[in-house]
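Asker: Chains as they are written, first to last, in our numbering: chain A, 50 to 541; chain B, -9 to 177.
Take this structure first; my questions come after.
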Amino acid sequence: MSSHYEAPIREPLVIGEKSYHDISVDVGAPVLGKANKSWWIVFTIALVAFLWGLGCIIYTVSTGIGVWGLNKTIGWAWDITNFVWWVGIGHAGTLISAVLLLFRQKWRMAVNRSAEAMTIFAVVQAGLFPIIHMGRPWLAYWVLPIPNQFGSLWVNFNSPLLWDVFAISTYLSVSLVFWWTGLLPDFAMIRDRSVKPFQKKIYTLLSFGWSGRTKDWQRFEEVSLVLAGLATPLVLSVHTIVSFDFATSVVPGWHSTIFPPYFVAGAIFSGFAMVQTLLIVMRKVSNLEDYITLLHIEYMNKVILLTGGIVSIAYITEYFIGWYSGSSYENYTYLSYGAATGPYWWAFWALITCNFIVPLTLWVKKLRRNIMWTFVVALVINIGMWFERFNIIVVDLSKGRTPSGWTMFQPTFVDIGIFIGTIGFFFVLFLLYARTFPVIAQAEVKTILKSSGQRYKRIRESGESLAGAAIDERTSGKYVSGEDANQTKNNE
Amino acid sequence: MKSLIKILVILVVLVSFTSCKKDSVPNYQYMPNMYQSVGYETYSESKAFANGVEAQVSPEGTIARGHSLFEYENSTEGYNLAKETLKSPLDSTQVDLDNAKVLFDIYCAICHGTKGDGQGNLVKREKILGVPRYDDPARAIDEGSIYHVIYYGKNAMGSYKNQLSEKERWEVVAYVLDLKQKLEGTK
């Protein structure tokens, strides 16, 4: 059995002596088991944060936007900063599940499920902000081109804010469908493994009657590929459209043609950082270290390094163009000499430190493969990417073309409370997800077990046969080789 | 069976929506943000004033810009004085008889008749009696007296100064004189 060739240089993606059955057991364990104390503690904290944020949102909507720290010059601050930040975080999920699928990256299989969940939960958080930052959110349905009694008054399709509506809603729905399609075989696995009647009923409903026939799998693969092909341009266009909110304006520092690719790179940069933050914890608490290995973390660090490099080049470009344009207004943009020395110097240097200097440490292999350091860097990048959006929005607005309009921005507790609330909501969703959803696409991981599993690699490399190696004694009894089987038959 | 239930549910929802609307009262509103005026609207009610209405009478003796006083009294003496001395401030080029006809037909013809012969609609239907002809020699109306009558009214006729502006009154005066000449056959 040496028909399969895999380069010996490749490290295993599934480590330990795993069989198919082990994968089902390991993936099913958090869902079929009971939550422990620490889960409840973290969940309660997240829930409290969410409820606090909800209170802040209700306070804002019922009292008015004036409870935020916005002023007449700076009409966008934490609201849109958080919006772009959350949308950006969401992008890693689709990148992992779609782009890496197109590139046939097998390592995506252990992380794609959680990354997509993160996408969906992050987009939900992002989707809150366009609504609640409205002065009259109860008229938000006016952004939709619905035939109406105002002489069929429609929206203006020239505004990137309207494109945002289409981009975000399409992004959310496509991601959701893509995610759910991938979940069907895994829900079916949980359905078949659960013993409690209520749980079985629930997963029967969720799995849509998946029975795993050849034709089903054939179409499943096809749909996955088509959706990946659709999601890839989507992931690039969504954050491009978000960047158009700024790039199509005439505000110095916003009006920049580099924004679309730069925002997308930044989105992937921050998204992967969030994936790292979550998965480093999750692999530990859910005992999935054999599936989300150090290799996965290193691969993701490499993507972070690449996109961080792209973002850094964009920073340098912005800084250079700020000087090269010769426009005096460009001296106060978020990446300029004026910003570095102005009243928002701390935000400028936070950006440079978090997004440029700290990620550079990942060039060192030792640090790249150090889980603790990766976790720290990922957190720092999340903070840095928040500052990037904050700088673009607030620093650029604070010093516009007319000096009489120059001002500073001071957030109120409501601004901060809503942001904390979205973080709480995100973790409420993610924690619930981690306990009820198969967090690893076990069906996919099973497809790479024999090619990339440590056990099978070892068998192959030692020149032994893989025949029967997948049989699990717990489910199929002891494997008997062909000769032995004949022997048994003859004896009978 | 299932689709029947669905149709029924939709029907019930629709009926319950439409049955909430009553024609005798204003309909329900969704978020009436700027539906009610914050500022005072002219004819609305208001507790801010003693008589409960926004429209307050201006103080006695004040003259608004673009307006003038009418210095003839509301009495027989005033009427006679106006008949003798009051002349139209409009010359022939300023009188638009087409416009005057429109005004006359709206405000005057209902009693006086479109020809000024005292045979208006209300007279024909005997709702009102005793409307004189413009060529009544006993009255011998002229522009000053017509204006005085439009301004103050006379006998059964009420004042029309609230319906017509000063220029419009003088235009109607010119039109009435025109009708009078047509009735007398001098034109």
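Where is the CB? At the ideal position from N, CA and C, for every residue including glycine.
Remember, predicted model here, so these are calculated numbers, not experimental data.
Along the chain, where does the alpha helix (DSSP H) containing Met349 (chain A) start, and where does it finish?
Answerer: Run containing Met349 (chain A): Leu343 to Tyr373, per the alpha helix (DSSP H) assignment.
Asker: Could you tell me the distance, in whole angstroms, from the CA atom of Tyr252 (chain A) to the CA atom of Asp339 (chain A)?
Answerer: Rounded to the nearest angstrom, the two C-alpha atoms are 26 Å apart.
Asker: Note down the Cα distance separating Gly512 (chain A) from Val74 (chain A), rounded to an integer number of angstroms.
Answerer: Each residue's Cα considered, the two are about 29 Å apart.
Asker: Return helix, strand or coil for Met183 (chain A), following the three-state DSSP convention.
Answerer: It is coil, neither helix nor strand.
Asker: Determine the direct distance from the alpha carbon of Trp303 (chain A) to that of Ile(-3) (chain B), and round the result to whole angstroms.
Answerer: If I take the Cα positions, the gap works out to 53 Å.
Asker: Keeping to the same chain, check which residues put their C-beta closer than 7 Å to that of Asp125 (chain B); ignore five residues upstream and five downstream.
Answerer: Lys170, Leu173 and Glu174.
Asker: Does DSSP classify Gly315 (chain A) as helix, strand or coil?
Answerer: Correct three-state label for Gly315 (chain A): helix.
Asker: Just to confirm the assignment, what range does the alpha helix (DSSP H) spanning Asp132 (chain B) have?
Answerer: Here Asp132 (chain B) belongs to no alpha helix (DSSP H), and DSSP marks it neither H nor E.
Asker: Is Thr176 (chain B) helix, strand or coil by DSSP?
Answerer: If DSSP states are grouped into helix, strand and coil, Thr176 (chain B) belongs with coil.
Asker: Assign Asn85 (chain A) to buried or exposed, taking buried as 16 or more other Cβ atoms, counted over all protein chains shown, within 10 Å of its Cβ.
Answerer: Answer is exposed; the Cβ neighbour count stays below 16.
Asker: Pick helix, strand or coil for Val443 (chain A), following the three-state DSSP scheme.
Answerer: Helix at Val443 (chain A).
Asker: In whole angstroms, give me the CA-to-CA distance for Lys105 (chain B) and Ile96 (chain B).
Answerer: The alpha-carbon atoms of Lys105 (chain B) and Ile96 (chain B) are separated by roughly 13 Å.
Asker: Report the partner residues of Gly173 (chain A) according to the DSSP bridge assignment.
Answerer: Position check: residue 173 (chain A) holds Val in this sequence, whereas Gly was assumed. Paired residue(s): none; Val173 (chain A) is not in a bridge.
Asker: Confirm, please, whether the CB-CB distance from Ala166 (chain A) to Phe475 (chain A) is below 8 Å.
Answerer: The answer is no: Cβ separation not under 8 Å.
Asker: Please look up how many angstroms separate the CB atoms of Ala363 (chain A) and Ala314 (chain A), rounded, as I've assumed it's under 8 Å.
Answerer: About 7 Å; that satisfies the 8 Å criterion.
Asker: Just grab the DSSP bridge partners of Gly502 (chain A) for me.
Answerer: DSSP output for Gly502 (chain A) lists A:Val63 as bridge partner(s).
Asker: Give the straight-line distance between the Cα atoms of Ala98 (chain A) and Gly387 (chain A), rounded to the nearest whole angstrom.
Answerer: Distance between the alpha carbons of Ala98 (chain A) and Gly387 (chain A): 37 Å.
Asker: DSSP three-state call for Glu35 (chain B): helix, strand or coil?
Answerer: Correct three-state label for Glu35 (chain B): strand.
Asker: According to DSSP, Val43 (chain B) sits in a beta bridge with which residue or residues?
Answerer: B:Glu35, per the DSSP bridge assignment.
Asker: Going by CA-CA distance only, name the one from A:Val444, A:Ser385 and A:Val324 that's closest to Ile138 (chain A).
Answerer: The candidate whose alpha carbon is nearest that of Ile138 (chain A) is A:Val324.
Asker: When the Cα atoms are used, what is the spatial distance from Gly568 (chain A) to Ile114 (chain A)?
Answerer: The first residue shown for chain A is 50 and the last is 541, placing residue 568 (chain A) beyond what the model contains.
Asker: Check whether the Cβ atoms of Thr168 (chain A) and Ser224 (chain A) sit closer than 8 Å, and answer yes or no.
Answerer: Yes; because the gap between Cβ atoms is below 8 Å, this pair is in contact.
Asker: Run through DSSP, which three-state label would Met457 (chain A) get?
Answerer: Reduced to three states, the DSSP call for Met457 (chain A) is coil.
Asker: According to DSSP, is Lys144 (chain B) helix, strand or coil?
Answerer: It is a strand residue.
Asker: Can you look up Gly142 (chain A) in the DSSP assignment and give me helix, strand or coil?
Answerer: Of the three classes helix, strand and coil, the one that applies to Gly142 (chain A) here is helix, per DSSP.
Asker: On the CB-based measure, 16 or more other CB atoms within 10 Å of its CB, does Ala45 (chain B) come out buried or exposed?
Answerer: By the 10 Å Cβ count, Ala45 (chain B) comes out exposed.
Asker: Measuring alpha carbon to alpha carbon, tell me which of B:Gly51, B:Glu158, B:Tyr18 and B:Glu31 ends up nearest Val43 (chain B).
Answerer: Per the Cα distances, B:Glu31.
Asker: Go ahead and pull the three-state DSSP assignment for Leu423 (chain A).
Answerer: This sequence places Thr at residue 423 (chain A); Leu is not what is there. In the structure shown, Thr423 (chain A) sits in a helix (DSSP, three-state: H, G or I).
Asker: Quick one: using the 10 Å Cβ neighbour count with 16 as the cut-off for buried, is Ile53 (chain B) buried or exposed?
Answerer: With fewer than 16 Cβ atoms within 10 Å of its Cβ, Ile53 (chain B) is classed as exposed.
Asker: Roughly how many angstroms lie between the CA atoms of Tyr69 (chain B) and Tyr18 (chain B), to the nearest whole one?
Answerer: Their Cα atoms are separated by approximately 56 Å.
Asker: Measure from the alpha carbon of Ala427 (chain A) to the alpha carbon of each residue in A:Leu409, A:Arg438 and A:Phe439, then state which is nearest.
Answerer: Ranking A:Leu409, A:Arg438 and A:Phe439 by Cα distance to Ala427 (chain A) puts A:Leu409 first.
Asker: Between Ala128 (chain B) and Glu35 (chain B), what straight-line distance do the alpha-carbon atoms span, to the nearest angstrom?
Answerer: Roughly 48 Å separates the two Cα atoms.
Asker: Just to confirm, is the Cβ distance from Ala90 (chain B) to Ser135 (chain B) under 8 Å?
Answerer: No, these two residues do not count as a Cβ contact at 8 Å.
Asker: Specify, as a first and last residue, the run of the alpha helix (DSSP H) that Ser222 (chain A) falls within.
Answerer: Looking at the DSSP string, the run of the alpha helix (DSSP H) that includes Ser222 (chain A) is Pro209 to Arg242.
Asker: Express the C-alpha separation of Gly120 (chain B) and Glu156 (chain B) in angstroms, rounding to a whole number.
Answerer: Spanning the two alpha carbons is a distance of roughly 27 Å.
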